[in-house]
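Here's the structure we're looking at; comments come further down.
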Amino acid sequence: MRDVYGTGYHASVKASVSPRTTVTVIGDGAVGLMAVLSAKRLGAERIILMGCFATSWPLRRSSISAARPRASTSPSRP
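Using this note's numbering, read the sequence shown as starting at 38 and increasing by one per residue.
Pasting the structure below:
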């Protein structure tokens, strides 16, 4: 888990995520979900998650809802 979280967090920091920014995360795997949580923690106003794991969508949706208190998330399926 440390490698996955570190990668997602690093991506958010390198993208200069800050309050009032909109973030798009492409990929809803483990790293993508960590990028969503990291962007939320850095104060992103809106987070758009794009991915294709339809078989595990309920699990992904519950993970994304953890990011909702401060950030609006917009999950997207192809």
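Each residue gets a CB set at the ideal place from its N, CA and C atoms; glycine is no exception. Only a predicted model underlies this, so the values are computations on that prediction, with no experimental measurement involved.
What is the residue span of the alpha helix (DSSP H) that residue i lies within?
i	result
Thr44	Arg39 to Lys51
Leu79	Looking at the DSSP string, Leu79 is not in any alpha helix (DSSP H), and its letter there is neither H nor E.
For residue i and residue j, what's the separation of their Cα atoms in angstroms?
i	j	result
Arg57	Arg39	28 Å
His47	Ile84	16 Å
Ala76	Gly88	17 Å
Leu74	Ser55	13 Å
Glu82	Gly43	21 Å
Met71	Val62	10 Å
Ala108	Gly69	Note that Ala108 scores a pLDDT of 45, beneath 50, so its modelled location is shaky; the value from the coordinates is reported in the next line. Their backbone Cα atoms lie some 16 Å apart in a straight line.
Gly64	Arg78	19 Å
Which residues share a DSSP beta bridge with residue i?
i	result
Val60	Ile84
Would you grab the beta carbon distance between residue i and residue j for me? Rounded to a whole angstrom, and I think it's under 8 Å.
i	j	result
Val60	Ala52	7 Å
Please tell me whether, using a cut-off of 8 Å, the distance from the CB of residue i to the nearest non-hydrogen atom of the ligand GTP is below it.
i	result
Cys89	The ligand GTP is absent from the structure shown, which contains no ligand whatsoever.
Classify residue i: buried if its beta carbon has 16 or more other beta carbons within 10 angstroms, exposed otherwise.
i	result
Val50	exposed
Gly80	exposed
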